[in-house]
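Novice: Numbering (the numbering used here), first residue to last: 1 to 83.
Can you read through this structure? Questions will come right after.
Next up, the structure:
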């Protein structure tokens, strides 16, 4: 899966772009080089916009993916036991 992340909240400390990223339309984009994680926790203050997940060139907000407004909450994504 290709991940596209933007805004300083998505960047590693001290808010510098990760190596081998690209700046496209004011967003830093990169593909992580690590094994899949069993869980990803995304924070959202409500002040910086919503997380967008991108795959095969299509990006959607978390609210679009789950079908209702997420708001300023923490979202935990886990691998499904029964896909």
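Here a beta-carbon is modelled for each residue, glycine too, at the ideal position from N, C-alpha and C.
(1) Just tell me which of 46, 56, 55, 60 has its CA closest to the CA of residue 73.
(2) Assuming residue 38 and residue 79 make a contact with CB atoms under 8 Å, what is their CB distance in whole Å?
(3) Compute the Euclidean distance between the alpha carbons of residue 81 and residue 22, then round it to the nearest angstrom.
(4) Helix or strand or just coil, what does DSSP make of residue 39?
(5) Residue 59: buried (16+ other C-beta within 10 angstroms of its C-beta) or exposed?
Specialist: If we stick to the structure as given:
(1) The residue you call residue 73 lines up with position 73 of the chain shown. Checked all of 46, 56, 55, 60; the closest Cα to residue 73 is 46.
(2) Locating residue 38 in the chain shown gives position 38, counting from the first residue. Locating residue 79 in the chain shown gives position 79, counting from the first residue. Right, their Cβ atoms sit about 6 Å apart.
(3) On the chain shown, residue 81 is found 81 positions in, with the first residue counted as 1. On the chain shown, residue 22 is found 22 positions in, with the first residue counted as 1. Rounded to the nearest angstrom, the two C-alpha atoms are 34 Å apart.
(4) By 1-based counting over the chain shown, the position of residue 39 is 39. Residue state, collapsed to three classes: strand.
(5) Residue numbering aside, residue 59 sits at position 59 when the chain shown is read from its first letter. The residue is exposed, with fewer than 16 neighbouring Cβ atoms inside 10 Å.
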